[in-house]
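A.B. asks: Can you read through this structure? Questions will come right after.
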Amino acid sequence: MNLPFAECYKIKMVESLRKSTRGDREKWIKEARYNVFNLRSNQVFIDLLTDSGTGAMSDKQWSEMMLGDESYAGASSYYKMKDAIREIMGFEYFLPTHQGRAAENVLFSVLIKEGDLVPGNSHFDTTKGHIEFRKALAVDCTVDEAYDTSVNHPFKGNIDIDKLAGVLKKNPVEKIPMIIITATCNTPGGQPVSLQNIKDVRSVADKFGVRVIIDAARFAENAYFIKTREAAYKDKSIHEIVLEMFSYADAVTMSSKKDAIVNMGGFLAFREEELFKQASVYNILFEGYITYGGMSGRDMNALAQGLHEGTEFDYLDSRIRQVGYLGKKLDEYGIPMQQPYGGHAIFVDAQRFLPNVPREEFQAQKLVVELYLEGGVRAVEIGTLMADRDPVTRENRYPKLELLRLTIPRRVYTKNHMDYTAACLKNIYDRRDSITRGLRIVNEATILRHFTVELEPIG
Ligand code: F0G
4 MNLPFAECYK IKMVESLRKS TRGDREKWIK EARYNVFNLR SNQVFIDLLT
54 DSGTGAMSDK QWSEMMLGDE SYAGASSYYK MKDAIREIMG FEYFLPTHQG
104 RAAENVLFSV LIKEGDLVPG NSHFDTTKGH IEFRKALAVD CTVDEAYDTS
154 VNHPFKGNID IDKLAGVLKK NPVEKIPMII ITATCNTPGG QPVSLQNIKD
204 VRSVADKFGV RVIIDAARFA ENAYFIKTRE AAYKDKSIHE IVLEMFSYAD
254 AVTMSSKKDA IVNMGGFLAF REEELFKQAS VYNILFEGYI TYGGMSGRDM
304 NALAQGLHEG TEFDYLDSRI RQVGYLGKKL DEYGIPMQQP YGGHAIFVDA
354 QRFLPNVPRE EFQAQKLVVE LYLEGGVRAV EIGTLMADRD PVTRENRYPK
404 LELLRLTIPR RVYTKNHMDY TAACLKNIYD RRDSITRGLR IVNEATILRH
454 FTVELEPIG
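Those letters in the sequence shown? Residues 4 to 462, per this note's numbering, in order.
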């Protein structure tokens with residue numbers, strides 16, 4: 004028989020999880036105003052809120068923590084990180100930042116001004132937040148297939164080249180400071196971007212003289228999908244693919260909390276010295292001196308080691324196949340979800356799961372609450388709550404997809420945790436006809452509302 008996949012690591016230390024009763028959870032979710040961000044982590048049994056900063060570091064990463072150089076300027080840890088970025092991603096210049104959105108803040112401070120347009124593939128919410136905060140507009144050019152969860156397309160993160168070229172043709176080039184490729188693309192389901200698509204974006208960008216930026220949070224998972232789904236790259240190593248992906252970018256923003264498997268950290272990397280110099284000014288202002296920028300030396304060491312581990316094929320294979328295992332289980336139960344399975348998460352289609360709940364009553368958030376009540380599993384809404392209000396009209400924005408994301412932390416949970424999660428969703432799916440009402444907003448912030456929103460059940 005074919006051998007099943009098995010993790011290429013073993014467990015040296017464990018952390019206890021607390022179980023709870025449905026009664027406990029009813030009380031806690033009410034106190035949390037039906038927003039799972041307000042729960043305490045010990046009120047959660049399996050935490051699939053995010054894969055960001057929630058991974059397990061390796062023994063080698065912990066050893067690197069002890070070797071951290073905490074010098075204010077010129078620390079060896081900075082140079083270790085610089086070497087890892089040069090070797091793995093091929094960029095000569097970099098700036099550490101405390102996380103991904105900080106990298107966005109620094110880069111956009113240099114490049115984006117009021118009235119600008121920033122085309123890309125479903126910009127992540129903080130990316131969009133930083134663009135809109137500057138009174139510029141994020142223009143979504145993702146391929147249409149991304150928005151039909153039942154269509155099985157290998158690269159649903161791709162940018163539609165015609166849509167992109169349309170934006171570039173219709174607007175003065177001075178208003179388009181960059182194109183952002185998010186790889187993998189989180190919002191429509193952790194979906195990859197093909198290397199051919201990255202190349203095509205580069206050639207359109209060159210035609211118009213626009214910079215290409217890659218949001219690299221999950222670049223290694225993207226490279227794994229290129230190797231396993233894009234025929235021309237099946238014999239290339241992850242390292243070769245990663246270098247080629249970045250060879251088409253002028254700069255990257257990185258949230259190291261994902262594919263560099265650290266709990267905190269980020270960076271910007273650049274090809275041009277001039278852009279690096281301009282960004283350094285804002286880095287010093289917002290983050291810290293250019294050789295630490297919001298990170299301690301020990302964290303830079305762990306990050307450098309994490310970049311190496313996060314780009315090993317065997318690690319990526321067990322990581323992505325664990326996510327796929329959960330996907331297959333849910334498929335067996337008939338649960339509708341984004342196909343194919345994403346790199347870091349399974350995205351359940353809440354519109355098809357809870358069709359009786361009106362869209363204005365936040366279907367995906369309702370499902371998040373039900374899942375928590377069912378078994379103490381914390382997922383996250385990627386739908387109307389996260390889509391926020393239109394910055395001009397202040398009307399709710401209804402995104403094309405209403406998703407519940409089951410985000411799998413790296414090297415943290417076992418197959419049994421996946422089985423448990425799938426069983427919770429099956430129980431809810433079996434009684435889906437009885438779920439007819441959702442939630443209403445009681446309180447919300449003006450930007451990035453989903454983090455702090457307060458809700459109450461309707462009916
Ligand atoms: N870009 C992408 C594609 C992301 O997924 C995230 C964060 C960021 C940028 C911002 O990075 O959190 O380090 O500031 N995503 C997390 C998530 C929060 O849960 O998907 P950050």
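Every residue, glycine too, gets a C-beta built ideally from N, C-alpha and C.
Please read all numbers here as calculations on a predicted model, not as lab measurements.
Provide the residue span of the alpha helix (DSSP H) that contains Asp203, from first to last.
C.D. replies: Leu198 to Phe211
A.B. asks: Quick test of your reading: Lys230 and Ile217, contact by CB under 8 Å. State the CB separation rounded to the nearest angstrom.
C.D. replies: About 17 Å separates the two Cβ atoms, so there is no contact after all.
A.B. asks: Looking at Val360 and Ile438, is the spacing between their C-beta atoms short of 8 Å?
C.D. replies: Their beta carbons are under 8 Å apart, which means Ile438 touches Val360 by this criterion.
A.B. asks: Going by C-alpha to C-alpha distance, which of Cys11, Lys172, Asp143 and Thr190 sits closest to Gly345?
C.D. replies: Closest option to Gly345, Cα to Cα, is Thr190.
A.B. asks: My guess is that Thr410 and Leu52 are in contact by the Cβ rule of under 8 Å, so how many angstroms apart are they, rounded?
C.D. replies: With a Cβ gap of about 7 Å, Thr410 and Leu52 count as contacting.
A.B. asks: When you measure from the CB of Ser44 to every non-hydrogen atom of ligand 1, does any distance come out below 7 Å?
C.D. replies: no
A.B. asks: Got a sec: does ligand 1 put a non-hydrogen atom nearer than 7 Å to the Cβ of Gly192?
C.D. replies: no
A.B. asks: With a cut-off of 8 Å on the beta carbons, I'd call Arg413 and Gly58 a contact; round off their distance for me.
C.D. replies: Confirmed, about 3 Å.
A.B. asks: In whole angstroms, what is the alpha-carbon distance linking Pro343 and Ser74?
C.D. replies: 46 Å
A.B. asks: Is there contact here, the segment 291-309 with the segment 257-270, by at least three beta-carbon pairs under 8 Å?
C.D. replies: yes
A.B. asks: Which parts of the segment 242-295 are runs of the alpha helix (DSSP H), unbroken and 4 residues or longer, counting only runs that do not cross its ends?
C.D. replies: 276-289
A.B. asks: In chain order, which alpha helix (DSSP H) runs of at least 4 residues are fully inside the segment 28-90?
C.D. replies: 62-69
A.B. asks: Tell me whether Glu288 is buried or exposed, calling it buried when 16 or more other Cβ atoms sit within 10 Å of its Cβ.
C.D. replies: According to the sequence shown, residue 288 is Leu rather than Glu. Exposed.
A.B. asks: For Ile164, report the span of its beta strand (DSSP E) as first-last.
C.D. replies: Where Ile164 is concerned, there is no enclosing beta strand (DSSP E), although the alpha helix (DSSP H) it sits in stretches over Ile164 to Lys173.
A.B. asks: Just verifying my parser: in three-state terms, what is the DSSP assignment at Glu459?
C.D. replies: strand
A.B. asks: In the DSSP assignment, find the beta strand (DSSP E) that holds Ala353 and state where it starts and stops.
C.D. replies: For Ala353, there is no enclosing beta strand (DSSP E); the residue is found in the alpha helix (DSSP H) stretching over Ala353 to Phe356.
A.B. asks: In this structure, does DSSP put Arg301 in helix, strand or coil?
C.D. replies: helix
A.B. asks: If I measure Cβ to Cβ from Lys178 and keep anything under 8 Å in the same chain, skipping five residues before and after, which residues do I get?
C.D. replies: Gly118, Asp119 and Leu120
A.B. asks: I need the straight-line Cα distance from Thr256 to Arg221, nearest angstrom please.
C.D. replies: 11 Å
A.B. asks: Which residue's Cα is closest to the Cα of Asp317: Tyr236, Tyr227 and Glu364?
C.D. replies: Relative to Asp317, the option among Tyr236, Tyr227 and Glu364 whose CA is nearest is Tyr227.
A.B. asks: Any idea if Gly337 is buried or exposed, counting beta-carbon neighbours within 10 angstroms, 16 or more meaning buried?
C.D. replies: exposed
A.B. asks: Shortest alpha-carbon distance to Leu407 belongs to which of Ile450, Pro339 and Ser258?
C.D. replies: Pro339
A.B. asks: Tell me whether Ala220, by its Cβ, gets closer than 7 Å to a heavy atom of ligand 1.
C.D. replies: yes
A.B. asks: Taking buried to mean at least 16 other C-beta atoms within 10 Å of its own C-beta, is Val17 buried or exposed?
C.D. replies: exposed
A.B. asks: Drop a sphere of 10 angstroms on the beta-carbon of Tyr295, count the other beta-carbons inside from all chains shown, and report buried for 16 or more, exposed for fewer.
C.D. replies: buried
A.B. asks: I'd like to know whether the C-beta atoms of Thr185 and His126 end up nearer to each other than 8 Å.
C.D. replies: yes
A.B. asks: Flag Phe127 as yes when its Cβ comes closer than 7 Å to any non-hydrogen atom of ligand 1, and as no otherwise.
C.D. replies: A distance criterion of 7 Å places the beta-carbon of Phe127 in contact range of ligand 1, judged by its closest non-hydrogen atom.
A.B. asks: From Pro3 to Asp436, what does the alpha carbon distance come to, in whole angstroms?
C.D. replies: The structure shown does not extend to residue 3, since the chain is modelled only from 4 to 462, so the question has no answer here.
A.B. asks: Measuring straight from C-alpha to C-alpha, what distance separates Gly169 and Gln281?
C.D. replies: 30 Å
A.B. asks: Could you check if Thr24 is buried or exposed, using at least 16 other CB atoms within 10 Å of its CB as the buried criterion?
C.D. replies: With fewer than 16 other Cβ atoms within 10 Å, it is exposed.
A.B. asks: Is Ser283 buried or exposed, if buried means 16 or more other CB atoms sit within 10 Å of its CB?
C.D. replies: buried
A.B. asks: Using 7 Å as the cut-off, classify the Cβ of Gly337 as near or not near the heavy atoms of ligand 1, replying yes or no.
C.D. replies: no
A.B. asks: Below 8 Å on the Cβ atoms is my guess for Val380 versus Thr424; work out the distance and round it to an integer in Å.
C.D. replies: 5 Å
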